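Worksheet for the structure shown next.
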C-alpha cells in the first residue's frame, strides 16, 4: 500500500499534471518576456576561453556502439588531471550551443523540453591542467569558463556535501547541474518539475558517452545533501538549486 505523500510524488512523474496547466495563464501565455538563455555575470569577471569545437586535441573518435557498450558508472579515478581540451569537449558535449535561434532559444547538443534548457553547469574543479582549483560555471554562449571562487578544503567539502561519497572529492572535476526552474515554468507552469528532471537525465547520459572518448569515467549522483551542496555552490536554494551531479576522472586501470 502507498501513502498519500508517495502518491503525490508519483503524480509529478505523470503527464496527467499537464491538465493542471492553462497555457494561456503561464507567463509565456501572458506575454511576459522569456528569461535569458544564460545566467548573467559581471563583465569584469574572470573568464577562461575553452577550446572551440573541432579544435580540441587528444579526443579519440570511437564508434557510438562501442561507447554505449563500454559505458559504466565508475567510482574510482586515476590521479591524472584532465586537459583543458578534454574539459572543453565534455562541456560542449553536455551543454554546448549548436545554433542560437533568437534571444530566447538555442539549439544545444542535448534535448530539452520546449528548448528551455533550465540547467546551468557548475564545476567543482580539482585537477585540470593549467586551471586553478576552485568553483566555476560554464558559459555555453561564449564557450568559456567563468571563475566563481576558491574554497579552502574544497575536496573535503565536496565529499561532505555528497553525503560522504569519497569519489566526489577524488575526481578531476565534478559537474553540478543547477536548475533555474523559472526558465521552464515560464512556459509550462507547474508541469515543469517532470521535464526539468528529464533534462538532467539527458545531460548526464551524454556525459557518460563523452567520457568514453577521453578515457575517463563518471557516475551520476542523485544522493546528496541538498542544503549543503547549494550552500557550497552559493545558491539561494529557491530560484537556483542543485538537481544532479557527476564526478569525472581518468579511468583507473588495474595493474
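Numbering (this note's numbering), first residue to last: 2 to 256.
Each residue gets a CB set at the ideal place from its N, CA and C atoms; glycine is no exception.
Owing to the predicted nature of the structure, the values given are computational and were not obtained by experimental measurement.
Residues that DSSP places opposite residue i in a beta bridge
i: residue 177; result: 123 and 246
i: residue 218; result: 250
i: residue 1; result: No answer is possible for residue 1: the residues shown for the chain start at 2 and end at 256.
i: residue 74; result: 219
i: residue 129; result: 83
i: residue 150; result: 136
Opening and closing residue of the beta strand (DSSP E) in which residue i lies
i: residue 15; result: Per DSSP, residue 15 belongs to no beta strand (DSSP E) and is neither H nor E.
i: residue 136; result: 135-140
i: residue 100; result: 98-101
i: residue 107; result: 107-109
i: residue 188; result: Not the beta strand (DSSP E): residue 188 falls in the alpha helix (DSSP H), residues 183-189.
Beta-carbon separation (whole angstroms), residue i vs residue j, contact threshold 8 Å
i: residue 271; j: residue 86; result: No answer is possible for residue 271: the residues shown for the chain start at 2 and end at 256.
i: residue 184; j: residue 36; result: 5 Å
i: residue 136; j: residue 179; result: Actually they do not touch by this definition, with Cβ atoms about 11 Å apart.
i: residue 244; j: residue 219; result: About 16 Å separates the two Cβ atoms, so there is no contact after all.
i: residue 157; j: residue 170; result: 6 Å
i: residue 95; j: residue 122; result: 7 Å
i: residue 127; j: residue 139; result: Incorrect: roughly 16 Å between the Cβ atoms, too far for contact.
i: residue 129; j: residue 174; result: 6 Å
i: residue 194; j: residue 13; result: 5 Å
i: residue 76; j: residue 168; result: 4 Å
i: residue 252; j: residue 217; result: 6 Å
Boundaries (first-last residue) of the alpha helix (DSSP H) holding residue i
i: residue 155; result: 155-162
i: residue 227; result: 227-233
i: residue 197; result: 193-213
i: residue 68; result: 65-71
i: residue 170; result: 167-170
Close-in-space but distant-in-sequence residues of the same chain around residue i (CB under 8 Å, 5 per side omitted)
i: residue 256; result: Unreliable placement is indicated for residue 256, whose pLDDT of 48 sits below 50; no coordinate value is reported for it.
i: residue 254; result: 79
i: residue 60; result: 86, 87, 90, 214 and 215
i: residue 152; result: 135, 136, 158 and 233
i: residue 27; result: 186, 187, 188, 189 and 190
i: residue 46; result: 147 and 148
Proximal residues to residue i (C-beta, below 7 Å), its chain only, five neighbours per side dropped
i: residue 201; result: 120, 178, 244 and 245
i: residue 98; result: 107, 109, 141 and 142
i: residue 196; result: 114, 185 and 189
i: residue 84; result: 59 and 130
Distance cut-off 7 Å: residue i Cβ against heavy atoms of the ligand MG
i: residue 19; result: Looking at this structure, you won't find the ligand MG or any other ligand, since it has none at all.
Cβ-based neighbour list, residue i, same chain, cut-off 6 Å, excluding 5 preceding and 5 following
i: residue 29; result: 187 and 188
i: residue 210; result: 68
i: residue 42; result: 147
i: residue 48; result: 145 and 147
i: residue 101; result: 107
i: residue 72; result: 209
i: residue 192; result: 18, 19 and 22
- Flag this pair as touching only if the stretch 201-211 and the stretch 106-124 have three or more C-beta atom pairs under 8 Å; answer yes or no. yes
- Touch test, the stretch 45-55 against the stretch 4-22, Cβ-Cβ under 8 Å, three pairs minimum: no
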